[in-house]
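In this note's numbering, the protein residues as written are 17 to 161. Yeah, the Cβ is synthetic: ideal placement off N, Cα and C, and Gly gets one too. Here is the structure we will look at.
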Amino acid sequence: MSGDANRATVRRFSEACMNAGDLAAVEEVIASDFIDVSYGLRGMAAVKQFVQDSRSRFPQLTFTIEEIIAEGETVAVRWSGRGTHENGRSATWTGMGFYHLHEGQIVRHWANVDQVALLRQSGLPPFAEWGWRCRCPSLQFRIVL
Numbered sequence: 017m018s019g020d021a022n023r024a025t026v027r028r029f030s031e032a033c034m035n036a037g038d039l040a041a042v043e044e045v046i047a048s049d050f051i052d053v054s055y056g057l058r059g060m061a062a063v064k065q066f067v068q069d070s071r072s073r074f075p076q077l078t079f080t081i082e083e084i085i086a087e088g089e090t091v092a093v094r095w096s097g098r099g100t101h102e103n104g105r106s107a108t109w110t111g112m113g114f115y116h117l118h119e120g121q122i123v124r125h126w127a128n129v130d131q132v133a134l135l136r137q138s139g140l141p142p143f144a145e146w147g148w149r150c151r152c153p154s155l156q157f158r159i160v161l
């Protein structure tokens with residue numbers, strides 16, 4: 017697939033899956049053997065659960081792709097996210113992601129997200145109170161010291 021086609025696939029994941037919660041679109045853009053290295057997600061069912069959990073906790077969740085670059089089967093994205101947590105507090109945060117695609121589907125994802133801004137603005141407890149894992153089954157944060 018071309019860089020343009022791979023960029024379009026990643027945009028579709030952001031806009032249709034994450035922003036609109038379209039689970040049918042997950043089946044189109046995510047490979048069955050998908051692995052999210054950062055969040056520990058494996059497979060399409062885990063991605064669907066991640067989308068549902070994210071949108072449940074942030075009902076007006078919106079991601080904006082600020083910059084997107086493709087080289088072969090790799091797409092790099094710089095993005096911003098915003099939403100109102102289920103507790104009523106709004107948050108805006110940023111992140112970057114690397115996507116590896118094969119035959120038009122996303123097979124691997126790595127993310128670097130400003131989790132501190134997200135937690136602080138949302139009024140959620142700091143990492144120390146969460147232990148090593150978030151209480152949301154599909155959202156597992158890793159702290160690297």
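Taking the alpha carbon of M34 as the point to measure from, which residue in F79, V53 and A40 has its own alpha carbon closest? F79
Nearest neighbour of A61, chosen from A41, P75 and R98 [CA to CA]: A41
F114 vs W95 beta-carbon contact at 7 Å: no
Cβ contact check for the stretch 64 to 80 and the stretch 89 to 103: 3 or more pairs under 8 Å: yes
Where the beta strand (DSSP E) through M60 begins and ends: It is not in any beta strand (DSSP E) - M60 instead sits in the alpha helix (DSSP H) that spans M60 to R73.
Cβ-based burial, Q25 [other Cβ within 10 Å; buried from 16]: Correcting the residue identity first, residue 25 is Thr in this sequence and not Gln. By the 10 Å Cβ count, T25 comes out buried.
Beta-ladder partner(s) of S79, from DSSP: One detail in the question is off: residue 79 reads as Phe in this sequence, not Ser. Note: F79 sits in a beta bridge opposite G97.
L117 - containing beta strand (DSSP E), residue span: S106 to H118
Return the CA-CA distance between T90 and V132, expressed in angstroms with no decimal places. 27 Å
Whole-Å CB distance - V123 paired with D20, under 8 Å assumed: With 8 Å as the limit, V123 and D20 do not qualify as a contact, their Cβ atoms being about 19 Å apart.
I'd like the span of the alpha helix (DSSP H) that includes A41, first residue to last. L39 to V45
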